[in-house]
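Enquirer:
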């Protein structure tokens, strides 16, 4: 620096990452918000109680990162992630879940999420995961790497295909309808939520029963619970 020259003024601090937080449990949202708002580079600017509301909030405001729970009413976090990836391709998405499950992890990545964090260790991993996803770097929670490698090697030793997971038994639209059926919505209500006719809903439901070898709404509901689409 030349003698007598004044030190350069610091540039403006970068704006914090604007976060949308979606979870159907108010207490969980409150706890996660405390974690994120305690960081200078992260700020929660919107909250949602289900996946459909999360999509609406993300589309309505300036959001950089959506943190989505997996199991939520009306639309799961994975369904919301797929919708947001289609509508807002620049939005970063992080899945926050209680399920330590390889299937969910790969489904989250396929849905457009950049990371997967367990609620049980959110106080340890969540902030790091948010920052990684915003940098467009994938985040895998500690411990998952060993499970994924072990699963890969098991499939390799069995001679199974290792290119990915088995084919989904139902389509994404059928999954959306299955979830809403299991939550007790009528065909007319489902049609209104998904912007399709009640007749189309009935056709999808008939396809679901046929594909899954089931007879009625009760069996569909049990399947939806096992698949993690709705809480028991």
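Residue numbers (UniProt numbering): 1 to 232. Don't be surprised by glycine CBs; every beta carbon is placed ideally from N, CA and C.
Quick one: measure Cβ to Cβ for residue 118 and residue 100, integer angstroms, because I've assumed they're closer than 8 Å.
Expert: That belief holds up - the Cβ atoms of residue 118 and residue 100 are roughly 6 Å apart, short of 8 Å.
Enquirer: For residue 44, which of helix, strand or coil comes out of DSSP?
Expert: Of the three classes helix, strand and coil, the one that applies to residue 44 here is strand, per DSSP.
Enquirer: Only counting the same chain, and skipping five residues up and downstream in sequence, which positions put a Cβ closer than 6 Å to that of residue 164?
Expert: Here residue 164 scores only 47 on pLDDT, less than 50, and its place in the model should not be relied on; the value that follows carries that caveat. Once the five neighbours on either side are set aside, residue 164 has no close Cβ partner at all.
Enquirer: Name the DSSP bridge partner or partners of residue 22?
Expert: Its beta-bridge partners are 48, 68.
Enquirer: Using the Cβ count rule (16 or more neighbours within 10 Å means buried), how would you classify residue 218?
Expert: By the 10 Å Cβ count, residue 218 comes out exposed.
Enquirer: Using CA atoms only, rank isn't needed, just tell me which of 208, 85, 40 is closest to residue 54.
Expert: When only C-alpha atoms are compared, the closest one is 85.
Enquirer: What residues match up with residue 181 in a beta bridge as DSSP calls it?
Expert: DSSP output for residue 181 lists no bridge partner at all.
Enquirer: Taking the C-alpha atoms as reference points, what is the distance between residue 181 and residue 15?
Expert: Going by the C-alpha atoms only, they are around 42 Å apart.
Enquirer: From residue 128 to residue 56, what does the alpha carbon distance come to, in whole angstroms?
Expert: One C-alpha to the other measures close to 26 Å.
Enquirer: Could you tell me whether the Cβ atoms of residue 19 and residue 34 are closer together than 8 Å?
Expert: No; because the gap between Cβ atoms is not below 8 Å, this pair is not in contact.
Enquirer: Taking all protein chains shown into account, decide if residue 29 is buried (16 or more other Cβ within 10 angstroms of its Cβ) or exposed.
Expert: Burial call: buried.
Enquirer: Note down the Cα distance separating residue 171 from residue 79, rounded to an integer number of angstroms.
Expert: Approximately 12 Å between the Cα atoms of the pair.
Enquirer: Apply the 10 Å Cβ neighbour rule to residue 205 and answer buried if 16 or more other Cβ atoms are within range, or exposed otherwise.
Expert: That one is buried.
Enquirer: According to DSSP, is residue 140 part of a helix, a strand, or is it coil?
Expert: Strand.
Enquirer: Who pairs with residue 115 in a beta bridge, going by DSSP?
Expert: In the DSSP output, where bridge partners are listed per residue, residue 115 has 94, 139.
Enquirer: Run through DSSP, which three-state label would residue 76 get?
Expert: Coil at residue 76, not helix or strand.
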